[in-house]
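Participant: Quick one: this structure, given as structure tokens, is what I'll be asking you about.
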Amino acid sequence: MTRRLWIFLLCVCAAWNAKAVDAVFNYAVFYDFHTTDGKVIDAQLEMYWQINPSSLHYKKNEHGLLISHVQTDVAYKNADGKVLHEEHYTLNTTPVEPARGLSQQIMDFQKAMLPYGRTYIEVKLTEPAFPQNVFVYHDSTEIEAPQNAPLYSTIQLLDTVLHNNQESPFLKNNRQQIPISANFFDENRKVLHFYTELYQIGTTDTSQRPLIQHIYISKKPVDGNNINGLIRKDTVTNPAYLSILDSFKLSTLPTGNYYLNTVLFSSKKEILASKSTFFQLINKEPEDLSAAATAANDSATPLTYINLNKTFVGRYNLPQLKAILKMLLPVSDAAEVRTINDFLKRPDENYIRYYIYNYFSRDNQKNPEKAWDAFADRIREVNKMFGVSNKPGYETDRGYMYLKYGKPNDMVSVPNEPGALPYEIWQYYAVGHQNQPGIILFYQPPSALNDYKLLHSTINGELKNGNWRSILFSNGSSNNSRADQYLNGK
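When the letters of the sequence shown are read in order and numbered with mature numbering (1 follows the signal peptide of the UniProt record, and there is no 0), they come out as residues -20 to -1, 1 to 470.
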């Protein structure tokens, strides 16, 4: 088995006396299906996690080997709080020599059949002899309901693949497939192994065939732009179901944030199904590419390994790093927003530092700190303009929109219009890539002192509220108000 993430993160000389159970978690959704036509029957969530060995207390057994015990409580619930599935048991670690105690791999794995829709996950890890030593993990995931179309499972990143059909929780297709619990590749991982499944191939008709599958690594999910030629193209001939076990060498990729994508195309190049998974990479010395490959993709330019403790991100603790992630939300695309929200739900200080550093190195590769300083100036401006007593400016609706679209061409404040709550109108002559005019309407609810809320917008992708008048005006309408003059029925 290859070295795991904890070997990279942990100090091997840590004390035996732990402070709190610590672990990293991951999960994947697969489906059961009819073997004849690949039609999905139901969904199965695979939940797996790796415990930091230095976060546990150990005792010696009768043979002088170190052991530990972890009470494990797993619950899956729906939106109403109803328990869909639960497990309660004690995990006994494998007895090891004292010299190997802090370098062992402690991994656990659970499977649960769950209904389609939103599932809320809770895992509680406790040392029975030290009840104060507890770790609680919360997360949620949307289990996609199958339609009459091809469907991919989660792309599961793997630590180890062994051709061994011995019965175990990791047995799949007569192989032991051991997943990684954090999608993070350090200097000790030079190859990305992955597994995914494609179902309901038979739902396609002859006019859509032959089916072509692309698997590639990119900077953004399913954008069609592979990095450094890291792409597989295959014709899908299986009539019902396809299992995909493959690998990519990461040696040419510089340090950065990436996506692994699987895409199924029709013969007319229509996307029939797709899936992406995010991962981070640290690569001290990426292999050189040819001049042609380098010119084709700027991201191939080798980067030097950076000790993040000596960079601008090293100045901030975990709460401050989480605050920086929230600052980035308005200026991030949909895929980046999902990634940031995942970090906020499952915060890991080391991963967050890498994400933030890579984010600003994309803007200024030679001096990411300069890009951060420029962004921090914008944050200070927004906090000064829109901050309220209990909330920084970047977390307010006005601050969010100011960061996202910039300073409006017109800002009209209407604090005392008869029959109306205080409101503001922001007008943009041209918005972003849309290059279209846009208007944003904010209002101040009676209970929100100076914290104006987004009420309505004409910008594509933003809130459109056809009932804005009934909220803004006490009688539900207005006579030639400033808002009507600007919105003009929009």
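Glycine included, C-beta positions come from ideal geometry on N, C-alpha and C.
As the structure is a computational prediction, the values presented were derived from the model and not from experiment.
Give the list of continuous beta strand (DSSP E) stretches no shorter than 3 residues that lie fully inside the stretch 172 to 235.
Facilitator: Whole beta strand (DSSP E) segments, 3+ residues: 191 to 198, 211 to 216, 222 to 229.
Participant: Consult DSSP for Asn41 and reduce its assignment to one of helix, strand or coil.
Facilitator: Asn41: coil per DSSP, three-state reduction.
Participant: Taking 6 Å as the limit between beta carbons, can you name the residues of its chain near Thr319, skipping five residues before and five after?
Facilitator: Around Thr319: Phe258.
Participant: Determine, using beta-carbon pairs with one atom in the stretch 94 to 109 and one in the stretch 6 to 25, whether at least three such pairs fall under 8 Å.
Facilitator: A contact exists between the stretch 94 to 109 and the stretch 6 to 25.
Participant: Less than 7 Å between C-beta atoms, sequence neighbours within five positions excluded: which residues of the same chain meet that for Val362?
Facilitator: Result list for Val362: Gly373, Tyr374, Gly379, Tyr382, Leu383, in chain order.
Participant: List the whole-angstrom C-beta distance separating Tyr28 from Ser161, where the pair is believed to meet the contact cut-off of C-beta under 8 Å.
Facilitator: Correct: roughly 6 Å between the Cβ atoms.
Participant: Classify Asn460: buried if its beta carbon has 16 or more other beta carbons within 10 angstroms, exposed otherwise.
Facilitator: Asn460 should be labelled exposed.
Participant: Leaving out the 5 sequence neighbours to the left and right, which residues in its chain are closer than 6 Å to Tyr69 when beta-carbon positions are compared?
Facilitator: So the list reads Thr52, once near-sequence residues are dropped.
Participant: Which class does Asp313 belong to by DSSP, given the choice of helix, strand or coil?
Facilitator: Of the three classes helix, strand and coil, the one that applies to Asp313 here is coil, per DSSP.
Participant: Sorted by chain position, which residues of the same chain lie with C-beta nearer than 8 Å to Glu349's C-beta, five sequence neighbours on each side aside?
Facilitator: These residues qualify, in order along the chain: Thr291, Phe292, Phe340.
Participant: Relative to the C-alpha of Tyr100, which residue among His118, Glu107, Asn113 is closest?
Facilitator: Nearest option by C-alpha distance: His118.
Participant: Within its chain, find whatever has a CB closer than 7 Å to the CB of Met307; leave out the 5 residues flanking it on each side and keep chain order.
Facilitator: Excluding sequence neighbours, Met307 sits near Ile359, Tyr374.
Participant: By DSSP, does Phe453 sit in helix, in strand, or in coil?
Facilitator: DSSP places Phe453 in strand when its eight states are reduced to three.
Participant: If the criterion is Cβ atoms closer than 8 Å, does the pair Ser34 and Ala(-1) meet it?
Facilitator: For Ser34 and Ala(-1), no; Cβs fall outside 8 Å.
Participant: Starting from Gln465, trace the alpha helix (DSSP H) both ways and give me its first and last residue.
Facilitator: Start and end: 462 to 467.
Participant: In the DSSP assignment, what are the bridge partners of residue 471?
Facilitator: Shown here, the chain extends from -20 to 470; a query on residue 471 therefore has no answer.
Participant: Between the alpha carbons of Ala354 and Gly294, how many angstroms are there, rounded?
Facilitator: For Ala354 and Gly294, the distance between alpha carbons rounds to 18 Å.
Participant: Once the 5 residues before and after Ala129 are set aside, which same chain residues still bring their CB inside 6 Å of it?
Facilitator: Excluding sequence neighbours, Ala129 sits near Thr183.
Participant: Take Tyr239 and list the residues in its own chain whose beta-carbon comes closer than 6 Å to its own, dropping the five residues that flank it on each side.
Facilitator: Within the same chain, Tyr239 has close Cβ partners Ser198, Pro201, Ser256, Phe258.
Participant: If you follow the beta strand (DSSP E) that Ile359 is part of, which residue opens it and which one closes it?
Facilitator: Run containing Ile359: none in the beta strand (DSSP E); it sits in the alpha helix (DSSP H), 348 to 366.
Participant: So, at 8 Å on beta carbons, what are the nonlocal neighbours of Glu250 in its own chain, with the 5 sequence-adjacent residues on each side left out?
Facilitator: So the list reads Gln188, once near-sequence residues are dropped.
Participant: From the DSSP output, read off the bridge partner residues of Val141.
Facilitator: Per DSSP, Gln157.
Participant: Leu172 and Leu230 look like a contact to me (Cβ under 8 Å); what is the Cβ gap, rounded to whole Å?
Facilitator: Contact flag correct, Cβ pair sits at about 6 Å.
Participant: Give every residue of the same chain whose Cβ lies closer than 8 Å to the Cβ of His49, excluding the five residues on either side of it in the sequence, and list them in chain order.
Facilitator: Within the same chain, His49 has close Cβ partners Thr70, Leu71, Asn72, Thr73, Glu107, Pro108, Ala109.
Participant: Assuming Thr242 contacts Gln300 under a Cβ cut-off of 8 Å, what Cβ separation, rounded to an integer in Å, is found between them?
Facilitator: About 36 Å; that fails the 8 Å criterion.
Participant: Reducing DSSP to helix, strand and coil, say where Thr319 ends up.
Facilitator: Reduced to three states, the DSSP call for Thr319 is helix.
Participant: Using the Cβ count rule (16 or more neighbours within 10 Å means buried), how would you classify Gly441?
Facilitator: It is exposed - the Cβ of Gly441 has fewer than 16 other Cβ atoms within 10 Å.
Participant: Alpha carbon to alpha carbon, how far is Arg462 from Leu298? Give it in angstroms, no decimals.
Facilitator: Approximately 44 Å between the Cα atoms of the pair.
Participant: To the nearest angstrom, how far is the alpha carbon of Ala400 from that of Ser454?
Facilitator: Straight-line Cα distance between these residues: approximately 6 Å.
Participant: Could you check which residue in Asn263, Met87, Asp377 has the C-alpha nearest to that of Arg169?
Facilitator: Considering only alpha carbons, the answer is Asn263.
Participant: For Asn153 versus Ile181, is the C-beta spacing smaller than 8 Å?
Facilitator: Contact flag unset, no.
Participant: Gly81 and Leu46: beta carbons closer than 8 Å?
Facilitator: Yes, the pair counts as a contact, with Cβ atoms nearer than the cut-off.
Participant: Using the DSSP secondary-structure output, state which residues sit across from Ile405 in a beta bridge.
Facilitator: The partner list for Ile405 (beta bridge, DSSP) reads Val392, Leu421.
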